[in-house]
Amino acid sequence: IDKKIDEKTGMGQDNTGNAPGTNKSGKPRNTSGEGLKNSTPPDVVQQISDAEKAHDAKNFSEARYAIQQALLGVEIQIGQLILKSLPTTVANLPTDTTEDRVMSTRWGWANLTIQRIYRQGDKQMTVVIGNNPLYSGMMDMYFNNAYATQSNGEAQNMKQIKVKGYKAAIKFEANEGYSVLVALGQSGMMTWQGINFSTEEDMLTAVNNFDIDGVKKKLGEK
1 IDKKIDEKTG MGQDNTGNAP GTNKSGKPRN TSGEGLKNST PPDVVQQISD
51 AEKAHDAKNF SEARYAIQQA LLGVEIQIGQ LILKSLPTTV ANLPTDTTED
101 RVMSTRWGWA NLTIQRIYRQ GDKQMTVVIG NNPLYSGMMD MYFNNAYATQ
151 SNGEAQNMKQ IKVKGYKAAI KFEANEGYSV LVALGQSGMM TWQGINFSTE
201 EDMLTAVNNF DIDGVKKKLG EK
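Counted from 1, the sequence shown has number 69 at position 69 by our numbering; the numbering is strictly sequential.
Now the structure itself:
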């Protein structure tokens, strides 16, 4: 994804031949700055208290904002709970704790994303759990593509499967390895990418280490 964004925007491209600190147009480009520090998730109890005070003062805009922040805080807590419930080791690959992520760009159970990466040497598994209405459309696209691929009689790089009773799809790309996608209710999705897994069976054995029912329940998916 980052590569595609870079290609579209021109970011990340080689500027060989340009003066240091400039781009092709001669304008300065950023070469320093430590970036943004991680922000602390909203304090749910404090935000609810702030909402009550703002409401009593008839400052409804601030009351609404505080409620939104409280909901965001709850969502982040759910994401952290799910992250802690994931296996610490999969297929003899340890967790790379520096890559653990819980992100939410909107409040109200609409865009929660949880990531964990297992890695050792050149072998890696990435699991991403998301809760977004857009995912249902993505899953339909994958399942339709998998069905078309299975029906054309040629070599398959994608097919429909079941994982612990859930509708799923698996695909293989030579440069990306195996990917497995599982639908969780109306808007949830759980995906795994396996790099340098030997076979489809090895990949699915690793996927089956995850408590999909537990993740779905924590997300509140039906």
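All C-beta atoms, glycine included, are put in the ideal place defined by N, C-alpha and C.
Let me confirm a value: residue i is counted as buried when at least 16 other C-beta atoms fall within 10 Å, else exposed. Which label applies?
i           : result
residue 219 : buried
residue 197 : buried
residue 222 : exposed
residue 121 : exposed
residue 217 : exposed
residue 213 : exposed
residue 203 : buried
residue 103 : exposed
residue 85  : exposed
residue 28  : exposed
residue 26  : exposed
residue 50  : buried
residue 94  : exposed
Can you tell me where the beta strand (DSSP E) with residue i in it begins and where it stops?
i           : result
residue 181 : 177 to 184
residue 214 : Run containing residue 214: none in the beta strand (DSSP E); it sits in the alpha helix (DSSP H), 212 to 219.
residue 123 : 123 to 131
residue 104 : 101 to 104
residue 194 : 188 to 195
residue 113 : 112 to 120
Just to confirm the assignment, what range does the alpha helix (DSSP H) spanning residue i have?
i          : result
residue 85 : 60 to 85
residue 49 : 44 to 56
Return the Cβ separation of residue i and residue j in integer angstroms, given the expectation that the two are a contact with Cβ distance under 8 Å.
i           : j          : result
residue 119 : residue 83 : 16 Å between Cβ atoms; not a contact.
residue 66  : residue 47 : 5 Å
Can you pull the DSSP bridge partners for residue i?
i           : result
residue 203 : Bridge partners of residue 203: none, in fact.
residue 168 : 161, 182
residue 41  : According to DSSP, which records beta bridges pairwise, residue 41 is partnered with nothing at all.
residue 34  : According to DSSP, residue 34 bridges with nothing at all.
Say whether chain B places a C-beta atom closer than 8 Å to the C-beta of residue i.
i           : result
residue 130 : Considering every chain present, this structure includes no chain B. It has just one protein chain.
**Message:** For the pair the stretch 58 to 73 and the stretch 193 to 208, tell me if three or more CB-CB distances fall below 8 Å.
**Reply:** No, because fewer than three Cβ pairs between the stretch 58 to 73 and the stretch 193 to 208 fall closer than 8 Å, the two stretches do not touch.
**Request:** Please determine if the stretch 116 to 131 and the stretch 185 to 200 are in contact, where contact requires at least 3 C-beta pairs separated by less than 8 Å.
**Result:** The way I'd put it, the stretch 116 to 131 does touch the stretch 185 to 200; three or more beta-carbon pairs between them come closer than 8 Å.
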